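So the structure is just underneath, and the comments pick up after that.
Numbering (full-length UniProt numbering), first residue to last: 1 to 611.
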């Protein structure tokens, strides 16, 4: 958009608040972002609405689509709708010191600029000096040229809690109602930055700030949700919930989902994770239920019209939200996006197995959904055969295990499909199996390389252990009887420990060598990665782990037999030092071993069949 267009758009009257005759569906189609845009673009445009005004955001959408679908049952463009926008008056601060309003810019440079710096830094003493003998007058004055913000706006945006606390003592109740050029009060800044302490200070002075509108006529809680401030959103909802309009409830609901508000909180510590995720989910559910009850509208229409919310949630992996919707409104599983894909098709494509497993809760609908094809004639099995683009962020330690998960996902979907659908060809003339081979060729090559490198490294260690413990078997500790050749310590417990641990080390190191050798000589077909290769690697690592421990026990028992008669401290010190490499080995190799055990023995494929 050109500068001229932006200026013209900014000068046009805003579209908020909506006329009372506009239904929730119509209003959401304008005030929220157009449903055909990607989630990232819609979120950016929502932010743009607050920064440059709603009219500019609307023009951005019009530039992308040329027309905006206002009503699902109407073919009229926005220009043909007789909904006159309503103006509202901003409560702006005194602008007399701004260069654009004053012939002499010295006051702005000498007073406003230093005051802004003091507010940003939280320098209260400097701020009080600059405020002078009439602080309230200066606190009601705009000190920034671009945004026309007050001292309180600037300090709140910088999260200067102590500074704001002292400044509020110099202000009257209505001073907190002042807005910047975009329509934001300082309380809106507190909501956007997530500073609950500042928000509490302001509410103690003026409780009406909870419902005083921000830019774009949005309530402060919407600002908090837009910027992903979970705790602030929950805090504001406790006080604002009963005062929200139906439009506010619906907007807040969609914004909580768009910004992954409750999903992001799951990354906290264990106890706080459960508490915060439950609070966030409760908030989203409350908004949804109130929006539906107020409008008594179809849930599918509510979700589809303002945005591709259902499909965005499936794409981003919002399991809690989708589980709530699917269990409450089972018919939603039949909704399709613009590519003719259901939420389960999208979940398969993006490898969200927890969402996909919801399909086992919908009964016969599962069989019907399995027959759906998208606009490229891809079935669910074709989508399972596609390698995700961009590649998924995986916690698995290597491409071989990632290949295993891809195979397990493919097999899981294949088991659900009817035999007649498993060989269906898509628009490119490929069956799911052919598509899987093509899409995973590079991953197969990377998996083979990783598996060979891992097996080679581990086999070297296993061979060294076998060599050492084999030699130790014929070099027993202590002296032998000169006449019989029998070891003098033969009947001691420590000698028995030595002999048994040496035999265990030799046996398990040999098993480890055989497993890793089998991996190196494998044919590395696709199906080898599903179970054969991971199982061999798991057994090889377990055997190597046991042989390392047994070798260290052999070493410790030898020291004990040789030195325990002379000094007790030497065997004890030896045991302590020997425990160090064992501990390091466990720490370094445990993640790999854990992942292999999990993916091989407790795979998604097996768990789904069991369920």
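We put the beta carbon where it would ideally sit given N, CA and C, even for glycine.
Here the structure is a predicted model, which means the values were calculated and not measured.
Proximity winner among 120, 124, 138, relative to residue 93 (alpha-carbon distances): 138
DSSP state of residue 583 mapped onto helix, strand, coil: helix
Sequence-distant residues of its chain with Cβ nearer than 6 angstroms to residue 473 (five each side left out): 502
Cβ separation of residue 495 and residue 593, assumed to be a contact under 8 angstroms, to the nearest whole Å: Their Cβ separation, rounded to whole angstroms, is 32 angstroms, which puts residue 495 and residue 593 out of contact at 8 angstroms.
DSSP three-state assignment for residue 233, whether helix, strand or coil: helix
Contact the region 185-197 vs the region 206-216: 3+ CB pairs below 8 angstroms: yes
CA nearest to the CA of residue 404, picked from 537, 530, 587, 570: 530
Residue 453: first and last residue of the uninterrupted alpha helix (DSSP H) it sits in: 441-473
Separation of residue 162 from residue 448, as counted between CA atoms: 60 angstroms
CB contact flag (residue 421, residue 466, <8 angstroms): no
Span separating the alpha-carbon of residue 90 from that of residue 105: 25 angstroms
Beta-carbon proximity check, residue 355 vs residue 322, cutoff 8 angstroms: yes
Under the three-state DSSP convention, the category residue 599 falls into: helix
Helix, strand or coil at residue 339 according to DSSP, with G and I counted as helix: coil
Nearest-angstrom beta carbon gap, residue 551 and residue 460 [assumed within contact, 8 angstroms]: About 15 angstroms separates the two Cβ atoms, so there is no contact after all.
Residues that residue 179 bridges to, as DSSP identifies them: 185
Contained alpha helix (DSSP H) runs [length at least 4] in the region 90-152, N- to C-terminal order: 113-121, 124-131, 135-139
Close-in-space but distant-in-sequence residues of the same chain around residue 504 (CB under 8 angstroms, 5 per side omitted): 546, 547, 550
The alpha helix (DSSP H) enclosing residue 161, as first and last residue numbers: 161-168
Inter-stretch contact (C-beta, 8 angstroms, three-pair minimum) for the region 169-185 and the region 136-156: yes
Distance, residue 151 Cα to residue 396 Cα: 51 angstroms
Rounded separation between residue 102 and residue 111 - CA only: 14 angstroms
Residue 320 to residue 145 span [Cα, whole Å]: 45 angstroms
Integer Cβ distance of residue 513 from residue 537, believed to fall under 8 angstroms: With 8 angstroms as the limit, residue 513 and residue 537 do not qualify as a contact, their Cβ atoms being about 13 angstroms apart.
Buried versus exposed call for residue 577 [16 or more other C-beta atoms within 10 Å across all chains shown]: exposed
Neighbourhood of residue 571 by C-beta, 7 angstroms cutoff - its chain only, sequence neighbours within 5 removed: 559, 560, 563, 564
Assigned secondary structure, residue 531 (DSSP; H/G/I helix, E/B strand, else coil): coil
Through-space distance from residue 534 to residue 595, alpha-carbon basis: 10 angstroms
C-alpha distance - residue 334 paired with residue 369, whole-angstrom precision: 7 angstroms
Span of the alpha helix (DSSP H) around residue 222: 220-226
Start-to-end residues for the alpha helix (DSSP H) that takes in residue 397: Note, residue 397: premise wrong, no alpha helix (DSSP H); not H, not E.
Three CB pairs or more closer than 8 angstroms across the region 375-382 and the region 418-436: yes
Three-state secondary structure (DSSP) of residue 370: coil
Local Cβ density within 10 Å of residue 25, reported as buried at 16 or more and exposed below that: A caution first: residue 25 carries a pLDDT of 30, below 50, which makes its placement in the model too unreliable to give a value.
Residue 543 versus residue 557 - alpha carbon distance: 21 angstroms
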